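J.: Pasting a structure below so you can have a look.
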Amino acid sequence: MPFHRYIRSEGKGSQLPPQVMPIQKPRAMPPGAIVRNGECRFERDTCEWLNDTQDRNSPSWRLATVSRRPANLPDKTFGAPEGYIYFDLFNQNSGSNTARLISPTVTASSDEQQLCFNFWFAAFGAGDSVELRVMRQDNSSNVDDPIEKLWVLDAKDMDTTRPKWTPAQVTVDANTDFRILLEGQATNGGFAVDDLTFSSGSCTTRPERAIVVNQDVI
């Protein structure tokens, strides 16, 4: 039996009969309005993005703070002195010079075969030594699942002395559960990223020079 909402209207010296109005069921949100795992603005925490580190001395990504942030770079979202994530690697004479950040699992949907991964980046330090990569890994029980490079950009020819936020995007296959990996490599510098979001469908890779011609599988 359907539920109804009864509204009684009363007038001076007369009374109208009750009006019966059916309660409308809430509409399903369109795919673009859904907040997905992996979306993050880094205002309070990392939204379950985790460093892939081997030990305490491994290079890592970290949240910007008022007292520790690269090149006085402000937050992309609100312009505050904190609220984004970054890696910086300097004087790496030995050991790893790569920092990897792993997203929570993004669940596949039968309605969406592809997603557009959108984010903002800023580079700093010695540009010819700094590179940022976006990669995709299937999320299964096999820890050796291949990792696919989707987007690769070095900071060569960028003005890294005055870093600025630049928009970026790349298409990600979403027919299976997956994780996004952000991998930074440097010997004298780093990258900051902010405002990670997904939108439905495919998109053109931006900046254009970040296109991976031969999509490598690691």
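In the UniProt record's numbering, the protein residues as written are 1 to 218. Ideal placement from N, C-alpha and C gives every residue a C-beta, glycine not left out. This one's a predicted model, so the numbers in the text were calculated from it and none came from an experiment.
#1: Between which residues of its own chain and Leu-153 is the CB-CB distance below 6 Å, once the five residues before and five after are set aside?
#2: Just the Cα atoms here: how many angstroms apart are Leu-181 and Glu-148?
#3: DSSP beta-bridge partners for Asp-138?
#4: Can you name, in chain order, every residue of its own chain whose Cβ lies under 6 Å from the Cβ of Cys-40, other than the five neighbours on each side?
#5: If we ignore side chains and look at the alpha-carbon of each, how far apart do Asp-177 and Trp-151 end up?
#6: Would Gln-113 pass as a contact of Asp-173 if the rule is Cβ separation under 9 Å?
#7: If you run the structure through DSSP and keep just helix, strand and coil, what is Asn-37?
#8: Secondary structure at Asp-128, three-state DSSP: helix, strand or coil?
#9: I need the boundaries of the beta strand (DSSP E) containing Val-152, first residue and last residue.
#10: For Glu-183, count neighbouring C-beta atoms within 10 Å of its own C-beta (all shown protein chains included) and say buried if the count is 16 or more, exposed if not.
#11: So Asp-194 packs on Lys-76, CB below 8 Å; how close in whole Å?
#12: Hey, would you say Ala-168 sits closer than 9 Å to Tyr-84, going by beta carbons?
#13: Can you check which of these residues, Thr-166, Thr-65, Ala-108, is closest to Glu-208 by C-alpha distance?
#14: Tell me which residue opens and which closes the beta strand (DSSP E) that Asp-111 is part of.
#15: What are the start and end residues of the beta strand (DSSP E) that includes Val-170?
#16: Taking the beta strand (DSSP E) that Asp-88 belongs to, which residues open and close that run?
#17: To which residues does DSSP link Phe-191 through a beta bridge?
#18: DSSP state of Ala-99, grouped into three classes?
#19: According to DSSP, what are the bridge partners of Glu-183?
#20: Pick out whichever of Arg-136, Tyr-86, Asn-72, Ser-67 has its Cα sitting closest to the Cα of Cys-116.
#21: What residue from Asp-138, Gly-201, Ala-122, Arg-44 has the CA that sits closest to Tyr-86's CA?
#22: Rank Val-170, Ala-186, Asn-188 by C-alpha distance to the C-alpha of Ser-200 and give the top, closest one.
T.: With the structure as the only source:
#1: So the list reads Leu-132, Ala-210, once near-sequence residues are dropped.
#2: So the alpha carbons of these two residues sit roughly 10 Å apart.
#3: Phe-178
#4: Cys-47, Leu-196
#5: 19 Å
#6: A contact, by the Cβ cut-off of 9 Å.
#7: The DSSP-derived three-state label of Asn-37 is coil.
#8: helix
#9: 147-154
#10: buried
#11: At roughly 4 Å, the Cβ-Cβ gap stays under 8 Å, so Asp-194 and Lys-76 are in contact.
#12: no
#13: Thr-166
#14: Asp-111 -> no beta strand (DSSP E), and no H or E assigned at all.
#15: 166-173
#16: 85-90
#17: Phe-87, Ala-123
#18: If DSSP states are grouped into helix, strand and coil, Ala-99 belongs with the strands.
#19: Arg-100, Arg-133
#20: Arg-136
#21: Ala-122
#22: The shortest C-alpha to C-alpha distance from Ser-200 to any of Val-170, Ala-186, Asn-188 is the one to Val-170.
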